[in-house]
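Numbering (our numbering), first residue to last: 1 to 399. Beta carbons are placed, not taken as given, at the ideal position from N, Cα and C, and that holds for glycine.
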Amino acid sequence: MSNSQSIIDIGNTYFMHTYSQFPIVLQSGTGSTLFDVDGKSYIDMVAGIAVNSLGYKEEQLTARLHEVIDQGLLHCSNLYWNPYAVKAAQLLSRLGEMDRVFFCNSGTEANEAAIKLVRKWGSLQASDKTDIITMEHSFHGRTYASMTATGQTKYQKGFAPLVPGFSYARFNDIESVQALVSPKTCAIMVEPIQGEGGIKPADRAFLQALRELCDTKDMLLVFDEVQCGLGRTGKAFAWQAYDVKPDVITLAKALAGGIPMGALLAKGKAAEVLQPGDHAATFGGNLLASAAAVVLLERLSDGSLTKHVHESAAYLRKHLESLCSQFASIVDLRGIGLMMGLELSIPVRPIIEACMARGLLIAGSGTHVLRFVPPLVISNEEIDKAMVILREALEHCGA
Ligand SMILES: Cc1ncc(COP(=O)(O)O)c(C=O)c1O
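And the structure:
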């Protein structure tokens with residue numbers, strides 16, 4: 001029995017069956033290449049689903065984490081200040097042009113915090129101004145309010161009763177949003193690029209119209225940038241790629257280079273809503289995660305990472321466009337920066353498996369979309385290798 005197989009057998013015995021996992025066990029990495037416990041290498045187009053933006057064994061990140069570990073204090077509670085969280089909040093606010101930050105540990109938690117913020121803000125104006133409009137095919141997380149905000153019934157099935165006060169508009173269809181707005185609506189929540197919904201970018205005109213609608217009807221605009229934020233579009237924040245500024249932003253995934261961390265950002269009137277006692281997270285902004293976040297945020301601040309994203313995204317897109325013209329089952333290529341989706345007319349699972357067997361990790365988004373969200377530091381050489389494997393896998397699967 002291989003080393004991986006024995007680990008998988010134990011995992012299958014003791015894990016709850018919440019994931020359908022692929023049969024590989026990953027252990028180490030360098031650049032944008034991963035290695036499993038049997039020593040096999042994989043080019044990584046997944047990055048832990050848009051998490052590991054700085055790739056693997058990144059020098060600055062590794063050094064900063066060692067620094068914190070060597071100081072002996074990983075966590076001190078939000079009863080006290082720590083220098084890394086303060087620096088991370090300052091960098092995030094400046095980069096995102098927001099006023100205040102709340103730290104938590106994941107995307108769903110950031111969205112829960114956003115939902116509490118907008119509801120408190122609405123209820124301060126009228127006790128029933130607490131309704132929230134989100135989009136069909138959106139994804140906001142797995143905890144109760146975030147799951148209810150998610151506009152896909154497959155994630156909600158079996159978990160009723162859901163949280164009241166949510167309704168779902170059609171993405172990129174402003175009239176369908178307008179039709180749901182009432183005096184009870186306090187906020188509209190949207191992913192600038194839908195990630196789990198098939199890598200679907202919003203139209204700029206749609207986001208602009210949402211901004212205007214929120215201004216006219218006195219509602220808050222929330223951007224869930226958990227997947228598409230922090231450099232992935234080629235700008236530090238996805239709102240900057242669209243030049244449409246929300247009142248509230250949620251982040252997680254890439255924020256701390258693989259250490260769990262989420263954040264809620266708010267500006268203006270929204271920034272002052274949550275007051276002592278309203279919200280908290282034990283681990284939020286702990287030293288280890290915050291120190292890692294500072295490394296990413298410094299790289300975003302000096303522009304080096306986003307410059308690289310622009311170049312590699314253009315390079316990857318060129319490769320994917322050439323596949324589009326060669327494989328009849330590819331029906332669409334879409335996305336912004338290093339968040340791209342290739343939609344096929346056939347299910348993508350066999351293609352993902354064929355890639356994996358040949359040393360390439362790609363995730364799906366839904367059943368028919370191949371998702372490309374590599375580390376933001378991926379090299380052209382790694383992209384070249386990945387594309388050779390993808391082409392072979394597409395041929396193998398008769399795409
Ligand atoms: C847009 C978006 N929001 C929220 C979440 C939930 O994040 P987490 O899994 O960290 O709770 C995800 C996760 O995929 C996401 O893509």
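Runs of the alpha helix (DSSP H) lying entirely within the segment 53-98, each at least 4 residues long, are 59-71, 83-96 in chain order. Pairing MET261 with PHE139 gives a Cβ-Cβ distance that is not under 8 angstroms. The beta carbon of ASN286 lies closer than 8 angstroms to those of LEU74, HIS75, CYS76, ASN82, ALA85 in the same chain, with the five residues before and after it left out. At a threshold of 7 angstroms, GLU112 does not count as near ligand 1, since its beta carbon sits no closer than that to any of the ligand's heavy atoms. Judged by DSSP secondary structure, TYR42 falls outside any alpha helix (DSSP H) and instead within the beta strand (DSSP E) spanning 41-44.
In this structure, DSSP gives ARG371 an extended state, which the three-state scheme calls strand. Look at LYS253: its beta carbon is less than 7 angstroms from one of the heavy atoms in ligand 1. With a 10 Å radius around the Cβ and a threshold of 16 neighbouring Cβ atoms, PHE159 comes out exposed. By the Cβ test, the segment 320-328 is not in contact with the segment 222-233, since fewer than three Cβ pairs between them sit closer than 8 angstroms. Between GLY197 and HIS279, the gap from beta carbon to beta carbon reaches 8 angstroms or more.
Taken from the Cβ of ASP38, every heavy atom of ligand 1 lies 7 angstroms or farther away. GLU191 counts as buried, since at least 16 other C-beta atoms from the protein chains shown sit within 10 angstroms of its C-beta. Per the C-alpha coordinates, the member of VAL177, GLY31, ASP9, THR13 positioned closest to ILE24 is ASP9. DSSP, read as helix, strand or coil, puts GLU136 in strand. THR250 is bridged by DSSP to ASP224, LEU264. In this structure, ligand 1 has a non-hydrogen atom nearer than 7 angstroms to the beta-carbon of GLY107. Contact check for GLY341 against ALA313 fails: the beta carbons are separated by 8 angstroms or more.
Between the segment 368-383 and the segment 37-49 there are three or more C-beta pairs closer than 8 angstroms, enough to call the two in contact. A distance below 8 angstroms separates the beta carbons of ALA149 and ILE132. For PRO350, the three-state secondary structure derived from DSSP is helix. Assignment of GLN326 by DSSP, reduced to helix, strand and coil, places it in the helix class. In the structure shown, GLY165 adopts coil according to DSSP, grouped into three states. For the pair SER365 and GLY195, the CB atoms are nearer than the 8 angstroms cut-off.
Remark: the C-beta of PHE166 is outside contact range of ligand 1, defined as less than 7 angstroms to any heavy atom. Counting along the chain, GLN27 sits inside the beta strand (DSSP E) bounded by residues 26-30. Where GLU175 is concerned, the enclosing alpha helix (DSSP H) starts and stops at 174-178. Residue pairing by DSSP leaves MET356 without any beta bridge partner.
If you check the C-beta of GLU382 against ligand 1, you find no heavy atom less than 7 angstroms away. The beta carbon of LEU370 lies closer than 6 angstroms to those of LEU342, VAL348, ILE362 in the same chain, with the five residues before and after it left out. Ranked by Cα distance from GLY257, the first of ARG317, ALA47, LYS120 is ALA47. According to the DSSP assignment, ILE378 belongs to no alpha helix (DSSP H), since it is labelled neither H nor E. Burial is judged here by how many other beta carbons sit within 10 angstroms of a residue's own beta carbon; ALA205 has fewer than 16 and is exposed. For ARG211, the uninterrupted alpha helix (DSSP H) segment begins and ends at 204-217.
Contact annotation, GLU298 with LEU65: C-beta distance approximately 14 angstroms; criterion of less than 8 angstroms not satisfied.
Within the model, the alpha-carbon separation for LEU210 versus ILE188 is close to 8 angstroms.
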